[in-house]
Ligand code: SAH
Ligand code: SF4
């Protein structure tokens with residue numbers, strides 16, 4: 001199988017061209033064909049020499065994904081299921097907001113972190129996705145939009161699909177550089193968000209990196225007991241270590257951090273939990289944001305239920321009362337299984 005050309009950053013592509021006896025400026029043309037004109041075959045790149053097209057075709061594929069399903073919801077959310085060259089399936093979601101179009105991408109096949117409420121963790125990690133396979137998810141969605149109209153653009157990216165992005169750090173970072181490249185899709189770093197379950201050394205590395213991409217941390221609990229019960233990763237990186245890394249990030253970048261908090265009925269949604277959470281974040285409340293997420297029930301995890309809306313509201317108000325910035329996340333595409341890992345897991349069951 002040939003690697004996808006979407007694996008390469010602009011610099012890597014320039015190096016490949018020079019190594020193959022081409023002038024470096026060709027990279028601008030090639031990049032423009034891929035990310036601005038967005039053709040899907042080297043033979044359509046009409047200002048390149050026949051010899052270069054032959055070499056590119058010999059060495060690379062363009063798109064490594066096959067669309068299996070594109071399900072459109074009544075609120076405009078589109079959920080895609082893609083098949084990879086080795087037949088594994090991944091999912092990608094397009095969401096429409098007032099501020100633009102955001103896409104949620106998958107970074108691994110399965111996930112080894114094993115949070116007990118999550119559909120993605122039902123499948124152990126089979127492998128990491130390559131940079132090209134992550135880039136291709138955005139390109140597929142953009143092609144879908146290009147076919148429908150000429151003026152809709154993916155404007156935001158959330159790395160919140162299946163997988164733990166910081167367990168596939170280098171591929172994810174190259175993906176972000178390619179998306180951010182001003183000569184390509186030029187998606188602003190501030191329009192991109194990476195969500196992690198809390199891999200402490202990688203949070204520090206991300207802080208040191210300097211790219212202005214937003215960071216979200218899946219917190220989901222105000223203390224170690226509750227967090228360890230629902231997220232095994234809390235044994236390796238308990239809250240003290242996690243908050244240490246958060247402080248490091250805040251000091252280094254002076255950027256806000258978002259904390260995601262799934263509301264699970266009777267597990268983490270009591271008023272005492274809200275108070276404890278406010279206490280935990282008290283000394284950094286100017287720089288943090290809490291996103292309260294109504295839980296999307298997963299068939300296989302029927303011990304977890306979504307919190308009552310009254311409880312969610314009371315939790316929210318308690319955080320506010322303590323001066324913590326927070327929102328209750330708006331849901332997208334609930335009629336089409338848009339929670340991470342759900343479409344894939346249903347499709348696999350149908351195929352069995
Ligand atoms: N592995 C990373 C990113 C992917 S998960 C992480 O855990 O942060 C993205 C977010 O979706 C996480 O906050 C995760 O906890 C949440 N999530 C997982 N299953 C969910 C469900 N059934 N309903 C609502 N949110 C869910
Ligand atoms: Fe993996 Fe994130 Fe799901 Fe946890 S919530 S199992 S880290 S995808």
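In the UniProt record's numbering, the protein residues as written are 1 to 352. Here a beta-carbon is modelled for each residue, glycine too, at the ideal position from N, C-alpha and C.
Heavy atom of ligand 1 within 7 Å of residue i beta-carbon
i           : result
residue 300 : no
residue 114 : no
residue 260 : yes
residue 157 : no
residue 47  : no
residue 220 : yes
residue 249 : no
residue 111 : yes
residue 265 : no
residue 196 : yes
residue 296 : yes
residue 192 : no
residue 173 : no
residue 243 : no
residue 134 : no
Own chain residues within Cβ distance below 7 Å of residue i, not counting five before or after
i           : result
residue 9   : 174, 177, 178
residue 43  : 53
residue 309 : none
residue 328 : 292, 312, 316
residue 378 : There is no way to answer for residue 378, as the model of the chain reaches only from 1 to 352.
residue 35  : 184, 185
residue 2   : 59, 60, 61
residue 273 : 222
residue 234 : 224, 227, 228
residue 17  : 24, 26, 27
residue 41  : 62
residue 57  : 42
residue 270 : none
Neighbourhood of residue i by C-beta, 8 Å cutoff - its chain only, sequence neighbours within 5 removed
i           : result
residue 306 : 263, 264, 265, 294, 295, 296, 297
residue 302 : none
residue 55  : 20
residue 209 : 173
residue 47  : 29
Cβ shell of residue i (< 6 Å), same chain only, five flanking positions each side left out
i           : result
residue 352 : Only weak support exists for where residue 352 lies, its pLDDT of 41 falling under 50; the coordinates are left without a value.
residue 189 : 180, 211, 212, 213
residue 216 : 193, 195, 258, 260
residue 45  : 33
residue 100 : 155, 156
residue 238 : 224
residue 6   : 132, 135, 136
residue 140 : 65
residue 13  : 27
residue 285 : 323, 324
residue 367 : Nothing about residue 367 can be read from this structure; the chain reaches only from 1 to 352.
Under 8 Å between C-beta atoms of residue i and residue j
i           : j           : result
residue 230 : residue 191 : no
residue 118 : residue 164 : no
residue 77  : residue 95  : yes
residue 250 : residue 278 : no
residue 113 : residue 232 : yes
residue 281 : residue 324 : yes
residue 75  : residue 332 : yes
residue 252 : residue 207 : yes
residue 138 : residue 91  : no
residue 256 : residue 289 : yes
residue 38  : residue 143 : yes
residue 122 : residue 300 : yes
Residue i Cβ short of 7 Å to ligand 2 heavy atom set
i           : result
residue 4   : no
residue 257 : no
residue 210 : no
residue 149 : no
residue 121 : yes
residue 164 : yes
residue 118 : yes
Per DSSP, the bridge partner or partners of residue i
i           : result
residue 264 : 306
residue 57  : Its beta-bridge partners do not exist; DSSP assigns none.
residue 79  : 71, 93
residue 127 : 109
residue 100 : 97
residue 156 : 102
residue 216 : 195, 258
residue 66  : 83
residue 289 : 258, 325
residue 4   : 61
Is there contact between the region 46 to 66 and the region 83 to 96, where contact requires at least three CB pairs shorter than 8 Å?
yes
I'd like to know if the region 11 to 31 and the region 118 to 129 are in contact, where contact means that at least 3 CB-CB pairs between them fall below 8 Å.
no
On the three-pair Cβ rule with 8 Å, is the region 197 to 212 touching the region 233 to 245?
yes
Counting pairs of beta carbons, one from the region 94 to 110 and one from the region 217 to 226, are three or more of them closer than 8 Å?
no
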